[in-house]
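Take the sequence shown: its letters are residues 38 to 492, numbered as in this note's numbering. Virtual Cβ for every residue (Gly too), placed ideally from N, Cα, C. Given the structure is predicted, the values throughout are model-derived calculations rather than measurements. Okay, so here's the structure we're looking at.
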Amino acid sequence: MPVRWIPAAGPARGLAVAQLVNSLGDGAYYVCSALYFSQVVGLSAAQIGLGLTLAWGVGAVAGVPLGALADRRGPRGTAVALALATAVCVAAFLGVRSFLPFVLAACAYATAQCGLAAARQSLLAGLVGKSERTGVLAHLQSALNAGLALGAALGGLALHVGTAGAYLTVLALDAVAFAGCALLLARLPEPRRRTAPAPAEGDPAEGDPAEGGPAPVPSVLRDGPYALVAALNMVMLLRMPLISVAVPLWIAGHTTAPGWTVSALLVLNTGAVMLFQVRTAAAVRDLPSAVRTVRSGGVLMLLSCAVFAGSALDAPLWALFAVLLIAAGLQVWGEMRQSAGAWQISFDLAPAGRQGQYQGFFGAGVPVARMLGPLLLTTLIVTWGPPGWLVLGALFLGAGAAMGPAVRRAERNRPTAPVVASVGPSEPPSTARFRPSEPPSTARLRPSEPPSTAR
């Protein structure tokens, strides 16, 4: 039976279409933004790098409180507001002409993006049943890659024109895309509120400033076992800048492969995720299967790193190209498995009523990988050469292997929850109860970004 690329009609399809629309704008933005900031705004490469590093650092910190806001005020309204805020931030780039305004706009952009990611995950958790979340997230990942590919093609046209007007058009397109995403999210139903788990004895409750209570302290910041899972997932997310930053520099500096090889590997990566992410995620049904999937993703990424290291050897051009294709194929296979497992893990270990803050914390691995990954990977791979590839592969293998024990510990320490006050629209009345400690056969793990499974 063929696998659907777009989910069946319902909230899942609405989420996927919204993802497709905003990723189309992002694809064009990613292709053109660096040249816009350097050639039109007039910033140096060092200024651009510093500004973006600061921005994603701020975004990583902001994800948790904005996710907690989605838990308190409702994920749909929060997601719509943050999508509109992202559109405004992108539009602000149109008027930036110096370093300080660039940094301020970039920090606001990264904050809105990270908060939006957490709110959307919380919205998905409220609209989609537990057994369907991994499959829906796989569809969203496929839609993301499809949108990025289409957007990159539009960005390529702007690069070909090469004028300030072309770059400004791309940024305006991205702003419009996020506004369209907000409209699509606004059409989705608002999930019904759930009762959050009661705090453990001696554990301070989360206050509500609106009711005169103390400033809320997100409970995820006190959940050490979940933090360990998120940290292991963060290590595995170092794969994100691998194909876009480290591999192009490796090919240029350590192999005799032609420059167009980089484009071929990028097409392979994007196309594979579009075509096979849904199939890959079908194997993830609960926490144990998510952990196994994440562990196998670590093994595949170790093998990929070893094959990439071998591409430094002298070989005929056809053989070198074949080696690089094999390495990239192993890498994207490991990426898809790690992502599918991490998704399951991040949702299944989060208490009901607190998905926003937990997803914001788990998702902080993405901006951290964007912030620190390029420096770490270029040091390991470009400077150290083949041994650096093997060190990186060992990191992937170790994080994947440690995910199982970390997930089991986090599952044992999940807070106890009362019966929920109400049920989300995606769950029938017969499943209205939240069971905080489901048996292992039904526990879920998803590595895209937590240890037992994860972009």
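Residue 147 and residue 93 have their C-alpha atoms roughly 6 Å apart. Considering only 349, 70, 364, 328, the residue with the shortest C-alpha distance to residue 339 is 364. By the Cβ neighbour-count rule, residue 112 is buried, with 16 or more other Cβ atoms within 10 Å of its own.
Assigned with DSSP and collapsed to three states, residue 63 falls in helix.
Note on geometry: alpha-carbon atoms of residue 168 and residue 322 lie some 7 Å from one another. Your pair residue 362 and residue 305 checks out as a contact, with CB atoms roughly 7 Å apart and the cut at 8 Å.
DSSP, reduced to helix, strand and coil, places residue 450 outside both helices and strands of the structure shown, so it counts as coil.
Per DSSP, residue 97 has no beta bridge partner at all.
Boundaries of the alpha helix (DSSP H) around residue 208: 201-223. Per the coordinates, the alpha-carbon of residue 156 lies some 31 Å from the alpha-carbon of residue 134. By the Cβ criterion, the segment 196-212 is in contact with the segment 71-84, since at least three pairs of Cβ atoms, one from each stretch, lie closer than 8 Å. In this structure, the CA atom of residue 50 is about 18 Å from the CA atom of residue 380. In the three-state DSSP reduction, residue 302 falls in the helix class (H, G or I). Contact check for residue 426 against residue 434 fails: the beta carbons are separated by 9 Å or more.
Counting C-beta pairs closer than 8 Å gives fewer than three between the segment 96-114 and the segment 373-387, which falls short of the contact rule.
If the five residues before and after residue 145 are omitted, its C-beta is found closer than 6 Å to the C-beta atoms of 126, all from its own chain and listed in chain order. Taking C-beta atoms under 8 Å as the contact rule, residue 64 and residue 217 fail to qualify, at a distance of about 14 Å. Scanning its chain for C-beta atoms nearer than 7 Å, with the 5 sequence neighbours on each side dropped, one finds around residue 159 the residues 104, 107, 108, 112, 392, 393, 396, in chain order. Judged by pairs of C-beta atoms under 8 Å, the segment 271-289 touches the segment 327-346, as three or more such pairs exist. The closest CA to that of residue 67, considering only 52, 137, 80, 184, is found on 184. Membership of residue 138 in the alpha helix (DSSP H) is indicated by the continuous run 136-164. Residue 332 sits in a helix when the DSSP states are folded into three classes. A check of alpha carbon separations from residue 398 across 293, 421, 262, 138 identifies 262 as the nearest. Residue range 170-198 is occupied by the alpha helix (DSSP H) that includes residue 192.
Taking the Cα positions, residue 444 is about 19 Å away from residue 372. Assignment of residue 348 by DSSP, reduced to helix, strand and coil, places it in the coil class. Shortest Cα-Cα distance from residue 209 to any of 260, 198, 171, 123 involves 123.
Sixteen is the threshold: since fewer than 16 other Cβ atoms of the shown chains lie within 10 Å of the Cβ of residue 200, the residue is exposed. By the beta-carbon neighbour count (other beta carbons within 10 angstroms, threshold 16), residue 211 is buried.
Around the beta carbon of residue 414, 16 or more other beta carbons lie within 10 angstroms, which makes this residue buried.
In the structure shown, residue 81 adopts coil according to DSSP, grouped into three states.
Scanning its chain for C-beta atoms nearer than 8 Å, with the 5 sequence neighbours on each side dropped, one finds around residue 224 the residues 51, in chain order.
Residue 400 counts as buried, since no fewer than 16 other beta carbons sit within 10 angstroms of its beta carbon. Between residue 317 and residue 175, the gap from beta carbon to beta carbon is short of 9 Å.
DSSP, read as helix, strand or coil, puts residue 133 in coil. By the beta-carbon neighbour count (other beta carbons within 10 angstroms, threshold 16), residue 328 is buried.
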